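Going left to right, the sequence shown walks through residues 0 to 115 as numbering that gives the first Met the number 0 numbers them. Just so it is clear, CB atoms sit at the ideal spot from N, CA and C, and this is done for glycine as well. Quick caveat, the model's predicted, so the values are computed rather than measured.
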Amino acid sequence: MDAKLLICRECGNASDRRTGKPGDVIRASIESSSLSQQIGIEETGCMNVCDNPVTVALQGNGRATCIFSGVDAADDIESIIATCRLYIDSPSGWIEDARGCGDLRFKLVARVPALT
């Protein structure tokens, strides 16, 4: 795997009448995409952005970590997939031109540089 998409276990398991659990929706979409061999999906403990669930993060060895909140699994799934592709294509995980991320670019709450 080139990177991981972390989904907050606390808000990622909240049920939505329309689509079910956000974590399940995101997982199924990534696993059925061309990214399934490049992006691992992992549930994690609270990422402390509870005021604006659902929180997800992209993380990889030698790459910046990007944290997004206010994610709607159903409405944002195309933006999540596009952002994952851009993240994989960026050796440092630092997406310089975020327009390709769609609406997810407006939900970025933190970008932490990689450890060197």
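| Asked | Found |
| --- | --- |
| So, at 7 Å on beta carbons, what are the nonlocal neighbours of glycine 99 in its own chain, with the 5 sequence-adjacent residues on each side left out? | Ala81, Leu85 |
| For glutamine 58, is the classification buried or exposed, using 16 other Cβ atoms within 10 angstroms of its Cβ as the cut-off for buried? | buried |
| List the residues that DSSP assigns as beta-bridge partners of alanine 56. | Leu5, Ile66 |
| Grouping DSSP H, G and I as helix and E and B as strand, with all else coil, what is alanine 72? | coil |
| With a threshold of 8 Å (Cβ to nearest heavy atom), would glutamine 36 be considered close to the ligand COA? | Judged by which ligands are present, the structure shown has none, so any question about the ligand COA falls away. |
| Quick one, which of Thr43, Ala72, Thr115, Leu107 has its alpha-carbon nearest lysine 20's? | Ala72 |
| Is the beta carbon of isoleucine 6 closer than 9 Å to that of glutamate 41? | yes |
| Would you please state the rounded distance, in angstroms, between the beta carbons of lysine 106 and glycine 69? I believe it to be under 8 Å. | 5 Å |
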